[in-house]
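Remarks on the structure that follows.
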Amino acid sequence: MNFPGRSVLKEIHRIANEGFDFIDLTLEPPAAWLPNGKEVGRLIADLGLEAVGHTAYYLPIASPFKELKQQAFDLYARGLDCFADAGIDLVNIHPDNRVPLHGPDRMRARNADAIAELCGIAAARDIRLMVENIDRGFARVDDFIEIFERSPGAGFHLDVAHANLRLGLGQSNHTPELLDAFSDRLCHVHVSDNRGGEGDLHLPLGTGNIDWRSMIGVLKGAGYDGTVTLEVFSREREYLRTSRRLWMEWWNEA
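All letters in the sequence shown, in the order written, are residues 8 to 261 by our numbering.
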């Protein structure tokens, strides 16, 4: 994934120079909103990369303020225009769990409505949206049933690290149950490590408490062999390189 605090074009060059296969292109402030999509697409193609699209997790797409929700939709649509210009046809979306004074059922319903509408906006640009699991409110299978019923064409974007957060007593990483329910929709995977609890730390692989060999076994068992983003955020790039090496070793051993 490109770091949104730096020039998108410089980040694309960095990712290519480090030998990655694709860029998980995030469009968000401060420096990655909005680049010239056609220029981005040309550079990605020239460097022999593929790309998937990533959007800001904090857009209030289900806000009870109609004006705020509309503004979030307008911003999301502008991002989709950029992705379309860049030739990117698979883009993620995060459910909005910041809906005060709404119980879980109502929050799910508001998100199901919002995501269905945004799927239509994306489809008009030949883009498929994929819904990412997050750590609170949209972490378990039941949290996504209404969304996927309303948006049958939507994909599923698995974040293994998010599935490791806010676990109750006796619970384990939610990845197996999510894949059991939604493997037929699985489009893309994010991996990073954490220690459970509430901290989405984006640690290098092997430094938290996620059993990566087990998670890879579950992914392979579900028939997945698609794109995987290392969401390892560190100033020292060697942690990212080490995580890639470990992932490939574990994947090939599974």
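C-beta: ideal position from N, C-alpha, C; glycine also. These figures come from a predicted structure and were not determined experimentally.
Going by Cα to Cα distance, which pick from the options is closest to residue i?
i           : options            : result
residue 205 : 29, 91, 23, 143    : 143
residue 2   : 71, 73, 103        : Since the first residue of the chain shown is 8 and the last is 261, residue 2 is not available in this structure.
residue 194 : 59, 12, 34, 27     : 59
residue 162 : 153, 147, 202, 137 : 137
residue 121 : 95, 33, 192, 73    : 73
residue 160 : 212, 211, 98       : 98
residue 247 : 18, 25, 11         : 25
residue 229 : 182, 141, 35, 172  : 182
residue 202 : 216, 152, 190, 211 : 216
residue 150 : 178, 128, 129, 117 : 117
residue 128 : 53, 105, 82        : 82
residue 240 : 249, 233, 234      : 249
residue 157 : 126, 70, 110       : 126
residue 107 : 19, 85, 70, 92     : 70
residue 111 : 78, 123, 146, 132  : 146
residue 124 : 141, 100, 44       : 100
residue 152 : 173, 114, 172, 254 : 114
residue 48  : 42, 57, 85, 93     : 93
residue 119 : 19, 130, 68, 61    : 68
residue 65  : 139, 23, 53, 21    : 139
residue 61  : 41, 220, 187       : 41
residue 223 : 45, 109, 90, 260   : 260
Where does the unbroken alpha helix (DSSP H) through residue i begin, and where does it stop?
i           : result
residue 148 : Looking at the DSSP string, residue 148 is not in any alpha helix (DSSP H), and its letter there is neither H nor E.
residue 235 : Not the alpha helix (DSSP H): residue 235 falls in the beta strand (DSSP E), residues 235-237.
residue 246 : 245-260
residue 23  : 15-24
residue 155 : 152-157
residue 222 : 219-228
Quick check on the DSSP output: the beta strand (DSSP E) that includes residue i runs from which residue to which?
i           : result
residue 100 : 97-100
Under the DSSP definition of a beta bridge, which residues are partnered with residue i?
i           : result
residue 139 : 164
residue 62  : 34
residue 57  : 29
residue 197 : 166, 236
Quick check on residue i: does DSSP put it in helix, strand or coil?
i           : result
residue 29  : strand
residue 109 : coil
residue 210 : strand
residue 104 : coil
residue 72  : coil
residue 118 : helix
residue 183 : helix
residue 172 : coil
residue 203 : coil
residue 39  : coil
residue 188 : helix
residue 44  : helix
residue 133 : coil
residue 77  : helix
residue 52  : helix
residue 177 : coil
residue 231 : coil
Would you please state the rounded distance, in angstroms, between the beta carbons of residue i and residue j? I believe it to be under 8 Å.
i           : j           : result
residue 165 : residue 185 : 6 Å
residue 134 : residue 87  : 6 Å
residue 168 : residue 198 : 7 Å
residue 16  : residue 50  : 6 Å
residue 12  : residue 38  : 5 Å
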